[in-house]
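To convert, note that position 107 of the sequence shown is 120 in our numbering; the numbers rise steadily by one, no gaps.
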Amino acid sequence: AFCLLMLGDNSGALRVSEELLSVEPEENAVWYSKGCAERGLGLTNDSIASLRKALSLGKFGDPLDWAQLARSYGANDQHHNAWRALSEAVKLDPGSVDIAIERAVESIKEREHTRALNELHKAEEVHGRNALIEYNRGVVQQQLGHTSEACEAWRRALDVDPDLLAAESLLD
14 AFCLLMLGDN SGALRVSEEL LSVEPEENAV WYSKGCAERG LGLTNDSIAS
64 LRKALSLGKF GDPLDWAQLA RSYGANDQHH NAWRALSEAV KLDPGSVDIA
114 IERAVESIKE REHTRALNEL HKAEEVHGRN ALIEYNRGVV QQQLGHTSEA
164 CEAWRRALDV DPDLLAAESL LD
């Protein structure tokens with residue numbers, strides 16, 4: 014099932030996972046692959062259920078496992094649950110800038126502006142200057158109605174990565 018996921022064959026991975034579960038219904042790795050395939054097919058409720066079942070059968074020791082669950086929650090507009098799952102991922106891998114930014118983005122989606130700004134600040138302390146940190150800082154400032162601060166953040170993002178089209182388009 015994992016090989017099929019790596020090849021982008023979510024339907025095949027789901028079929029194989031379901032076949033494996035008929036033989037090994039308590040295998041958390043199979044539930045995990047089923048959840049990943051379901052998310053890839055846009056079946057977010059099913060994906061959440063499968064990933065939560067995988068978690069109930071064995072601890073997620075890899076931060077990417079938590080990130081997968083978070084992405085399923087996020088795709089289902091359950092941003093607080095996504096944030097909680099990403100918080101677990103950050104505990105397992107505090108050095109991942111991607112997970113730190115993804116967690117801040119879930120805070121932004123929840124309109125938890127203070128928390129998002131704190132998370133972006135912590136990410137910057139750990140990882141240094143980063144275009145996506147600045148970009149998302151600008152998004153928070155925009156949501157707060159602080160247009161000049163948002164534009165400043167997007168300019169800083171472009172200083173770090175001149176090809177960041179998302180920031181450039183917001184400055185036009």
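Ideal Cβ positions, reconstructed from N, Cα and C, are used throughout, including at glycine. Note that this is a predicted model, so its numbers are computed, not measured.
*Proximal residues to Leu99 (C-beta, below 8 Å), its chain only, five neighbours per side dropped*: Trp79, Ala80, Ala83, Ile112, Glu115, Arg116 and Glu119
_Within 10 Å of its beta-carbon, does Glu32 have 16 or more other beta-carbons around it, so buried, or fewer, so exposed?_
In the assembly as shown, Glu32 is an exposed residue. Its beta-carbon has fewer than 16 other beta-carbons within 10 Å.
*asked:* If you reduce the DSSP assignment to three classes, tell me which class Glu123 lands in.
replied: coil
*asked:* Could you tell me the alpha carbon to alpha carbon distance between Glu137 and Trp96, rounded to whole angstroms?
replied: 18 Å
*If you draw a straight line from the C-alpha of Leu54 to the C-alpha of Leu34, how long is it?*
19 Å
_Looking only at its chain, what residues have a beta carbon closer than 7 Å to the beta carbon of Asp174, apart from the 5 residues adjacent to it on each side?_
Ala144
*Since Cys164 and Leu184 are thought to touch, with beta carbons under 8 Å apart, how far apart are those beta carbons, to the nearest angstrom?*
6 Å
*To which residues of the same chain is Asn89 closer than 7 Å at the C-beta, ignoring the five residues directly before and after it?*
Thr57, Asn58 and Ile61
*Would you please state the rounded distance, in angstroms, between the beta carbons of His126 and Gln156? I believe it to be under 8 Å.*
6 Å
*Leaving aside the five residues before and after Gly71 along the sequence, list all residues of the same chain whose C-beta is less than 7 Å from its C-beta, in chain order.*
The answer, listed in chain order, is Asn41.
*Buried or exposed: which applies to Leu20, given that a residue is buried once 16 or more other Cβ atoms fall within 10 Å of its Cβ?*
exposed
*Inter-residue Cα distance where the pair is Arg52 and Ala166*: 33 Å
*Classify Arg116 as helix, strand or coil using the three-state DSSP reduction.*
helix
*Give a yes or no on whether the C-beta atoms belonging to Lys122 and His93 are separated by under 7 Å.*
no
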